Every structure is written in C-alpha cells, then in structure tokens.
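Residue numbers (our numbering): 46 to 235.
What follows is the structure, given as structure tokens:
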C-alpha cells in the first residue's frame, strides 16, 4: 500500500536489532486517516470471505482491528496478555513470545467470545517471525472457528513469518512488506 509505505519512509525510525518504530502514526500516536485507508484495503481484500469476527492481540493491533471490524460490521475481540481481576469463565490460551519485549506472554480469549460459528480474520500491526500470528491461529483452532485469513500493517519479510503463513496456504495480506532495514534506510518489496 503506497500510502503506508510513504508514511513508513518519511516517519518510521529504524532502531537497532531489526526494530522499526512506527509509533508516531500506527501504534502509539495514531494517524486516523491513514488507518482508515488501511482498513479499507483490508476490507476490499477479504470482503467475500465470510468474515464475522476480527481477532487481534493487545495492544498495538487494536486500532487497526477495530476499524476493520467496523468495515465488516462485526465484533472485534482481542487476546489479553495478562490476567485481570474481572476475567470470568473459561479461556482459550496460547503461549506468545514477543519480538519487541523480553519474555513470553500467555495470551487469552474468553471462550464465550470465540467459537465454532466464527469466521475469523486476524489483524495485527506487525509480522516479524510470526509469534503473535501463530498464537492467534492456535486460539482460532482451539475454538473450532474458521480462519479466513490474516492481515498485517507491516510485514518484515526478511524475518520469515510471512513465508511460514503463506506456506501453510493461508491468505495473508500485508499492507507493506519490508525486505531490508540497514543504516536507517528501508527497502520495500515491490
């Protein structure tokens, strides 16, 4: 998506360790006009796939996921990374190592929010090695739901997560794919 690539090139910051900071427009401060255009692209791609539930993981994927859910006219559910005092009932859970934060999270979704009648589109902000999408796919499978596809704002193509998803035959829409980040410059896949 040209508009997103332009924003990344102009406002993104390459940090050590293959980290891309898009906090000024995607996942800390949010450029609502850009995210709305991104949600439109996701909707166009998956409109005929029967999506009736959007799934993401807290916290950075929520903004895009809720806009995508609005386009589909369906609910969005996000997997929580920590137990809350108001958690009630049985949960689906999956282990999810983080690329940008040290440690491993166990993400959870209440069983009442995800079930066999759901046709799920996973939406997230980043795809690197695929830890979050693997954990979210596990939740979908455990619920007996149908996975319609996965959409991410930014795929770091050089880290292999997208290749694994495509090899599994899953419809993956990455709005921007980065093939390299070196010395502050970003190379996009064409």
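Think of the CB as a built atom: it goes at the ideal place given N, C-alpha and C, for glycine as much as any other residue.
What you are looking at is a predicted structure, and each value in this text was computed from that prediction instead of being measured.
Query: Option nearest residue 86 by Cα separation, candidates 103, 109 and 66; Result: 109
Query: Spatially closest choice to residue 198 from 161, 153 and 168, by CA coordinates; Result: 168
Query: Ranges of the beta strand (DSSP E) found wholly within the region 154-197, counting only runs of at least 3; Result: 164-172
Query: Per DSSP, the bridge partner or partners of residue 200; Result: 172 and 222
Query: Supposed close pair residue 203, residue 228 - CB separation, criterion 8 Å; Result: The Cβ separation is near 15 Å, so there is no contact.
Query: Residue 46 versus 64, 232 and 219, residue with shortest Cα-Cα distance; Result: 219
Query: Simplified DSSP assignment, three categories, for residue 126; Result: coil
Query: Of the listed residues 201, 164, 179 and 56, nearest to residue 95 (C-alpha basis); Result: 164
Query: Beta carbon of residue 102 nearer than 8 Å to that of residue 122; Result: no
Query: Distance between residue 173 and residue 209 (C-alpha atoms, nearest Å); Result: 11 Å
Query: Inter-stretch contact (C-beta, 8 Å, three-pair minimum) for the region 137-153 and the region 175-194; Result: yes
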